[in-house]
Amino acid sequence: MYNGSEVTCYDELRLTKRNFHDLCTMLRMKCGLKDSIYVTVEEKVAMFLLVVGHGIKMRVLRGTYKRSLETISRHFSNVLAAILSLTGEFIKLPDPSIEPPDDYKWKWFGNALGALDGCHVDVSVVAADEGRYRNRKQDVTTNMPGVVDWNMKFLYVLPGWEGSASDSRVLRDAMRNDRQDAFVIPHGKYYLVDAGYTNGPGFLAPFISTRYHLKEWVSSQQQPQTDKELYNLRHSRARNVVERTFGLWKKKWAILRIQSFFDIKDQIRIINACCVLHDFAKDRQHMMDDLLLQEVDVDLENLEHEAVDDTDLITSVQVTNEWTNCRQQLSQDMYAEYLLRHAELEM
Numbered sequence: 001m002y003n004g005s006e007v008t009c010y011d012e013l014r015l016t017k018r019n020f021h022d023l024c025t026m027l028r029m030k031c032g033l034k035d036s037i038y039v040t041v042e043e044k045v046a047m048f049l050l051v052v053g054h055g056i057k058m059r060v061l062r063g064t065y066k067r068s069l070e071t072i073s074r075h076f077s078n079v080l081a082a083i084l085s086l087t088g089e090f091i092k093l094p095d096p097s098i099e100p101p102d103d104y105k106w107k108w109f110g111n112a113l114g115a116l117d118g119c120h121v122d123v124s125v126v127a128a129d130e131g132r133y134r135n136r137k138q139d140v141t142t143n144m145p146g147v148v149d150w151n152m153k154f155l156y157v158l159p160g161w162e163g164s165a166s167d168s169r170v171l172r173d174a175m176r177n178d179r180q181d182a183f184v185i186p187h188g189k190y191y192l193v194d195a196g197y198t199n200g201p202g203f204l205a206p207f208i209s210t211r212y213h214l215k216e217w218v219s220s221q222q223q224p225q226t227d228k229e230l231y232n233l234r235h236s237r238a239r240n241v242v243e244r245t246f247g248l249w250k251k252k253w254a255i256l257r258i259q260s261f262f263d264i265k266d267q268i269r270i271i272n273a274c275c276v277l278h279d280f281a282k283d284r285q286h287m288m289d290d291l292l293l294q295e296v297d298v299d300l301e302n303l304e305h306e307a308v309d310d311t312d313l314i315t316s317v318q319v320t321n322e323w324t325n326c327r328q329q330l331s332q333d334m335y336a337e338y339l340l341r342h343a344e345l346e347m
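In full-length UniProt numbering, the protein residues as written are 1 to 347.
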């Protein structure tokens, strides 16, 4: 399949032919993955990608590749370990001097490094643990905070928390000072977050009780009438990058959408590996990913968002007067420029 057509390679392995061979080369050169007597690195990686890309069970691969279950399982584990060893190369917090792309969508958020949200990923656990892993929708999941940049690359992920854990608790854990992999936000910088988060240092949230989600704006067919509405609309357009990233990530790697047959520790490692593969592919952008992204955008248009009330607020970060005033000033500056521009157009 990796020596066949471009379409076949992407459909089966979720990577283009060039990206597949680049990945194999990287795993050889940087991670020490080697050919064995009967199985090449390419075959090992292909088996791994079939499992994570389509959720194929190993006993199915046994028939396809004419290998024993023990052999397939061993090679899967070796490829998983090799990909995870690349985590620090691909998933890393950004240089604070970085600026958003030259795009009007980010114009008003010059000190933003990206966007943050929580993501529930389906997992399978033993019956005794299901209660802890059930989220508010009664799905068995792990609750993963994900931070992405403007180019839809993961900057920070922390899968492993039970689905019942609150987003606030998970975020506090990610920001613990004693963590070697702590989520740290440079002074003066911030990430865009949704209305479930408090607006505080490092986290720029929308105004509550004001239209926010893009679907609300499309259905209303109205222009912003206040500074808060305009701010929320532009914030939503910019923060949409994290929703699109999660959507593409899950759509591309099917194992993230099914009840897995691995134990929970390996499931968490696989989730991490899929984040690495996502960033690896984003560094090598291809039009086939754009086709998947079109499907994601349709899914997001039909997504129903839950209303947020005070009991849902993620209070890991304390509200400050300075940060409240900063958001208020930003919304007023946006609206003043907006009114001026529209007045000039009418002249």
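Backbone N, C-alpha and C fix where the C-beta goes; we use that ideal spot for every residue, glycine too.
Reduced DSSP category for residue i - H, G, I as helix; E, B as strand; rest coil
| i | result |
| --- | --- |
| residue 235 | helix |
| residue 326 | helix |
| residue 61 | helix |
| residue 242 | helix |
| residue 119 | strand |
| residue 204 | strand |
| residue 308 | Low confidence applies to residue 308: its pLDDT is 48, below 50, so where it sits in the model is not reliable, and the reading given next is rough at best. Three-state result, residue 308: coil. |
| residue 162 | strand |
| residue 16 | coil |
| residue 313 | Because the pLDDT of residue 313 is 49, which lies under 50, any placement of that residue in the model is unreliable, and the number read from its coordinates should be weighed accordingly. Of the three classes helix, strand and coil, the one that applies to residue 313 here is coil, per DSSP. |
| residue 335 | helix |
| residue 39 | coil |
| residue 197 | strand |
| residue 33 | coil |
| residue 3 | coil |
| residue 211 | coil |
| residue 255 | helix |
| residue 302 | coil |
| residue 44 | helix |
| residue 55 | coil |
| residue 294 | helix |
| residue 320 | coil |
| residue 286 | coil |
| residue 93 | coil |
| residue 108 | coil |
| residue 103 | coil |
| residue 66 | coil |
Limits of the unbroken alpha helix (DSSP H) element including residue i
| i | result |
| --- | --- |
| residue 133 | 130-133 |
| residue 75 | 69-84 |
| residue 278 | 264-282 |
| residue 260 | Per DSSP, residue 260 belongs to no alpha helix (DSSP H) and is neither H nor E. |
| residue 99 | No alpha helix (DSSP H) holds residue 99; DSSP gives it neither H nor E. |
| residue 222 | Element bounds for residue 222: n/a, residue is neither H nor E. |
| residue 174 | 167-174 |
| residue 181 | Element bounds for residue 181: n/a, residue is neither H nor E. |
| residue 125 | Here residue 125 belongs to no alpha helix (DSSP H), and DSSP marks it neither H nor E. |
| residue 88 | 87-90 |
Buried versus exposed call for residue i [16 or more other C-beta atoms within 10 Å across all chains shown]
| i | result |
| --- | --- |
| residue 358 | Because the chain in this structure spans residues 1 to 347, residue 358 falls outside the shown range and cannot be described. |
| residue 159 | buried |
| residue 260 | buried |
| residue 342 | exposed |
| residue 49 | buried |
| residue 350 | No statement about residue 350 is possible, as the shown extent of the chain runs from 1 to 347 and does not include it. |
| residue 140 | buried |
| residue 33 | buried |
| residue 136 | exposed |
| residue 70 | exposed |
| residue 60 | exposed |
| residue 301 | exposed |
| residue 126 | exposed |
| residue 7 | exposed |
| residue 232 | buried |
Within 8 angstroms, strictly: CB atoms of residue i and residue j
| i | j | result |
| --- | --- | --- |
| residue 163 | residue 242 | no |
| residue 271 | residue 121 | yes |
| residue 244 | residue 296 | yes |
| residue 144 | residue 157 | yes |
| residue 123 | residue 274 | no |
| residue 319 | residue 87 | no |
| residue 113 | residue 91 | no |
| residue 284 | residue 111 | no |
| residue 55 | residue 255 | yes |
| residue 118 | residue 173 | no |
| residue 82 | residue 9 | no |
| residue 230 | residue 104 | no |
| residue 27 | residue 281 | no |
| residue 115 | residue 239 | yes |
| residue 77 | residue 58 | no |
| residue 332 | residue 227 | yes |
Those residues which DSSP pairs with residue i across a bridge
| i | result |
| --- | --- |
| residue 140 | 134 |
| residue 114 | 191 |
| residue 156 | 147 |
Residue range of the beta strand (DSSP E) that includes residue i
| i | result |
| --- | --- |
| residue 149 | Element bounds for residue 149: n/a, residue is neither H nor E. |
Any non-hydrogen atom of the ligand MN closer than 7 angstroms to residue i Cβ
| i | result |
| --- | --- |
| residue 33 | With respect to small molecules bound, the structure shown includes none, and the ligand MN cannot be examined in it. |
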